[in-house]
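To start, the structure under review is shown below, and the notes come after it.
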Amino acid sequence: MPISTRMKLDMLRTMVLARQFEDSLTLLCREPGKIAGMMILATGQEAVGAGVCAVLNADDVIITNHRSHHHLLARGADPKALMAEIFGRRTGCNKGKSGTLHLAVPEVNALCTTTVVGAGLPIAAGLGFAQQYESRDAVTVCFFGDGSTGEGSFHESLNLAGLWRLPVIFVCENNRYAGAQSYAEHTPVASLAARASAYGMPGESVDGNDAPAIAEATLRARERALAGEGPTLIECMTYRWHGHGEADRQRYQPADEIAAWKKKCPIERLAKALREAGELTDAELAGLWAEAAAIVADAVRYAEESPWPAPEEALDDVWVV
Amino acid sequence: MQKLGMGQAINQALREEMQRDPRVFLAGEGIGVSINDSPMLPTAGLIDAFGPRRVKDTPVSEAAIAGLAVGAAAAGLRPVVEVMFNPFFTLASDMIVNHAAKLRYLSGGKTSFPLVVRVKSGAGFGAGCQHSHNLEAWVAHCPGLKVVMPATPRDAKGLLKSAIRDDNPVVFIEDMGLYFVPAEVPDGDDTIPIGKADVKRPGRDVTIVTWSKMLGVALEAAARLAERGVEVEVVDLRTLTPLDTDAILTSVRKTGRLVVLHEATRTGGFAGEIAALVMEKAFADLKAPLRRVTGPDIPVPASPPLEKFYIPDADQVVAAIEEIL
Ligand SMILES: Cc1ncc(C[n+]2csc(CCOP(=O)(O)OP(=O)(O)O)c2C)c(N)n1
């Protein structure tokens, strides 16, 4: 199924929002005492969240990881609630319990998020199992990085999902790094998509900066899953523009490598394609950026004006009572 | 005397032991090439000094890292492997708990596993409960593992040297907050024995037993109470297994009052073990019920005011002591 212009414009809007959101965090996290904890961003990888989520239905479920902002925004999470959580405020989507690393937004079917590398995959199998068990017309998407495939959980989960034909789409966001280790320093084979065959499912490698291509691959995988044919592994080839976290000075990332990938910006690429097709004017593009900037400014203001949680609120939410 | 943060002291111990013994090698995630180039970190610069043959950056694979240590140790090497954050110990735990701790026993004492697992731990950096979870009591519950939790750079260096030379598996837990607090460390081959507690401040009125980062909290409380004429004795356990029961009992018999302080959560925490020891062996010497000051029974939250609520502080220790004076 071809991806409509309407969907492409939506993907562009989503990517621009994610970029604005994270660029603002790059600046905010440098201000002493403003945001606690590590700041882990997906700048340059926005096409993955936008492309995958563009073709999901409201009932579909996603599970993401430590680098989640672009996935959650693409899924439609409220930027204000995300920003307030990142700021540790009571009004945050997780009342300050999570901070930036494990943002869970059940309102958009991002039921839980884990920062334990690789841990999303077995949970995705469980989410998909529940969908299969109750014959729900929905699939589960699991986002994880290339480094996660070093964990046993990657292999165990793909094996189980392949065996039981679970309706799961495993989306590997191959940004070429796991921490400071480059892809070749942590994995001995050239293609992660190729590993799918070991677990009885198709594996597809897509240009991870091409949002419409990612959307098409996701659509195919979704149809397969809904037809009862089981899981798919999609490897999105992209690049981490920033360090692992914002404090990382990227000594190990060659400057020319970073520069080359910045030329492949997923946002500029889709904008250019839409302009050339006569579907987008420069003024409309400027409008998208202005709209995103206003949303993000509003979210930051909301977060900064929100109250801190009272200390004793730490005791809440451990148990269902 | 040189002043070092705990990370630098650990770094020195690793350097000196690697120089001393060619069988010592390191493995872990980003221990060679790291996302953090601070010279205060334990493995800073080691890959430049010893090269990638002895400083192994691994894939993100805790089970394989721990298993690598078990196998290499059985085959005669002396691995020192790193678990990046304490919660990820769970991924390494099959190899450590079911294998490093048990395989010697299963061999009837014929095989040994001289390995060290360095675990970075502690709350206080706003990352939340999947990065901050003090699991020392879990590990101490496993016969066959030694558990070391130093509180000062000097102890860290001396204890790590002993751990590397020990023929048993040692889980060496480092609170990351201590990496950046400099203190004096003697030059040279200053080893500190595993299994020996250390009285960090003598006193006659009440004993605080603690370890790792909470030593600082205990000393702060002791200083405040001293202004009011209350003499607190602070016993830094340094090692949980094997436990220096003599040091605990000697102090409690002297003061007759005990507070046990740890950052880990309360229920099933190691304070309970110390309480049981004292009830069994020194009940008659107690002048008042003992008290525990610990983290509450919750996961460590990320938001600063919530995380601060989690971490025990000197106010709580002073209040606990006032209750039993
Ligand atoms: C089990 C576990 N081990 C180690 C870490 C520390 N860590 C956080 S992210 C990361 C690298 C993950 O690489 P990848 O899966 O490729 O995701 P990316 O960060 O590149 O998005 C590591 C090692 C962790 N969070 N969980």
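Going down the list, the protein sequences come from chains A and B. The first sequence begins at 1 in the numbering used here and counts up one residue at a time. The second sequence begins at 1001 in the numbering used here and counts up one residue at a time. From the three backbone atoms N, C-alpha and C, an ideal C-beta is built for every residue, glycine too. Source: prediction; values computed, not measured.
- Start and end of the alpha helix (DSSP H) containing PRO1153/B? Element bounds for PRO1153/B: 1153–1165.
- Per DSSP, which residues does PRO1087/B bridge with? Please list them. Looking at the DSSP assignment, PRO1087/B forms no beta bridge with any residue, so it has no partner.
- Query: Less than 8 Å separating the beta-carbons of LYS1254/B and ARG1292/B?
  - Reply: In this structure, LYS1254/B sits away from ARG1292/B, with a CB-CB distance that is not shorter than 8 Å.
- Query: In terms of residues, what are the limits of the alpha helix (DSSP H) holding ALA54/A?
  - Reply: Element bounds for ALA54/A: 46–54.
- Inspect the beta-carbon positions of LEU28/A and ILE35/A and report whether they are closer than 8 Å. In this structure, ILE35/A lies closer than 8 Å to LEU28/A by Cβ.
- Can you tell me where the alpha helix (DSSP H) with VAL1116/B in it begins and where it stops? Looking at the DSSP string, VAL1116/B is not in any alpha helix (DSSP H); the run it does join, the beta strand (DSSP E), is 1116–1121.
- Please name the residue in GLU1082/B, VAL1060/B and VAL1147/B whose C-alpha comes closest to that of THR115/A. Comparing C-alpha distances from THR115/A to each of GLU1082/B, VAL1060/B and VAL1147/B shows the shortest one belongs to VAL1060/B.
- Message: Taking 7 Å as the cut-off, is the beta-carbon of TYR177/A closer than that to any non-hydrogen atom of ligand 1?
- Response: Yes - ligand 1 has a heavy atom lying nearer than 7 Å to the Cβ of TYR177/A.
- Specify the secondary structure class of ARG1238/B as computed by DSSP and reduced to three states. In the three-state DSSP reduction, ARG1238/B falls in the coil class, being neither helix nor strand.
- Message: Does the distance between the C-beta of GLY118/A and the nearest non-hydrogen atom of ligand 1 fall short of 7 Å?
- Response: Indeed, a heavy atom of ligand 1 lies less than 7 Å from the Cβ.
- From ALA1226/B, PRO1242/B, VAL1259/B and GLY1229/B, residue whose alpha carbon lies closest to that of VAL1235/B: Measuring C-alpha to C-alpha distances from VAL1235/B to each of ALA1226/B, PRO1242/B, VAL1259/B and GLY1229/B identifies VAL1259/B as the nearest.
- Mapping DSSP to helix, strand and coil, what is GLN253/A? In this structure, GLN253/A counts as coil in the three-state DSSP scheme.
- For the stretch 228–239 of chain A against the stretch 173–187 of chain A, are there 3 or more C-beta pairs whose distance is under 8 Å? Touching, yes.
- Query: What separation, rounded to the nearest whole angstrom, lies between the Cα atoms of PRO1242/B and ALA1137/B?
  - Reply: Roughly 13 Å separates the two Cα atoms.
- What number of angstroms, rounded off, separates the C-alpha of LYS272/A from the C-alpha of ARG19/A? If I take the Cα positions, the gap works out to 17 Å.
- Query: How would you list, in chain order, the residues of chain A whose beta-carbon sits under 8 Å from the beta-carbon of SER1212/B?
  - Reply: Within chain A, no residue comes near SER1212/B; the closest Cβ sits about 21 Å away, beyond 8 Å.
- Item | chain A contacts from the stretch 1030–1052 of chain B (Cβ-Cβ distance under 8 Å) | Taken in chain order, the members of the stretch 1030–1052 of chain B whose beta-carbon sits within less than 8 Å of a beta-carbon on chain A are GLY1030, VAL1033, SER1034, ILE1035, ASN1036 and ASP1037.
- Task: Ignore the nearest five residues each way along the sequence and tell me which others in THR1210/B's own chain have a CB closer than 6 Å to its CB.
- Result: Correct list, in chain order: ALA1218 and LEU1261.
- Using a Cβ cut-off of 8 Å, which residues of the stretch 296–316 of chain A contact any Cβ in chain B, in chain order? Near chain B, meaning a CB-to-CB distance below 8 Å, the residues of the stretch 296–316 of chain A are TRP308, PRO309, ALA310, PRO311, GLU312, GLU313, ALA314 and LEU315.
- Identify the continuous alpha helix (DSSP H) that holds HIS186/A and give its terminal residues. Note, HIS186/A: alpha helix (DSSP H), 183–186.
- Name the DSSP beta bridge partners of ASN174/A, please? DSSP lists MET237/A as partners of ASN174/A.
- Query: Looking only at DSSP bridge pairs, what is PRO1079/B linked to?
  - Reply: Looking at the DSSP assignment, PRO1079/B forms a beta bridge with PHE1025/B.
- What are the boundary residues of the alpha helix (DSSP H) that includes GLU279/A? Unbroken run through GLU279/A: none, as it is neither H nor E.
- Item | Alpha-carbon to alpha-carbon, VAL108/A and GLY134/A | It should be pointed out that residue 134/A corresponds to Glu in this sequence rather than to Gly. For GLU134/A and VAL108/A, the distance between alpha carbons rounds to 20 Å.
- Item | Reference LEU9/A, options PHE21/A, THR43/A, THR26/A and ALA47/A, closest by Cα | If we check each option's Cα against that of LEU9/A, ALA47/A comes out closest.
- Item | Three-state secondary structure assigned by DSSP to ILE62/A | Looking at ILE62/A - three-state DSSP - the assignment turns out to be strand.
- Task: Find the residues of chain E that neighbour GLU156/A, judging by a C-beta separation of less than 8 Å, and give them in chain order.
- Result: Within the model displayed, chain E is absent; protein chains A and B are what it includes.
- Query: So what does ILE1173/B bridge to, in DSSP terms?
  - Reply: As computed with DSSP, ILE1173/B is found in a beta bridge with VAL1119/B.
- Kindly list the residues whose CB is nearer than 8 Å to the CB of PRO1312/B, restricted to its own chain and excluding five residues on each side of it in sequence; keep chain order. Same-chain partners within the cutoff: MET1214, VAL1217, LEU1261, HIS1262, GLU1263, VAL1293, THR1294 and GLY1295.
- Item | Within-8 Å CB hit, LEU103/A to chain B | Output row for LEU103/A: interface = no.
- Closer than 8 Å to chain A by CB, GLN1130/B: Interface residue, yes.
- chain B residues whose Cβ lies nearer than 7 Å to that of MET185/A: Per the sequence shown, residue 185/A should be read as Glu rather than Met. Against GLU185/A, the close residues of chain B are ASP1057, in the order they occur along the chain (beta-carbon pairs closer than 7 Å).
- Task: Report yes if the C-beta of VAL1060/B is less than 7 Å from at least one heavy atom of ligand 1; otherwise report no.
- Result: Relative to the non-hydrogen atoms of ligand 1, the Cβ of VAL1060/B comes within a distance shorter than 7 Å of at least one.
- DSSP three-state assignment for ASP207/A, whether helix, strand or coil: In the displayed model, ASP207/A falls within a strand according to three-state DSSP.
- Item | Rounded C-alpha distance that separates LYS1056/B from GLU291/A | LYS1056/B and GLU291/A have their alpha carbons spaced roughly 48 Å apart.
- Message: Looking at the secondary structure, which residues open and close the alpha helix (DSSP H) in which HIS1262/B lies?
- Response: In this chain, HIS1262/B is not harboured by any alpha helix (DSSP H); it is covered by the beta strand (DSSP E) spanning 1258–1265.
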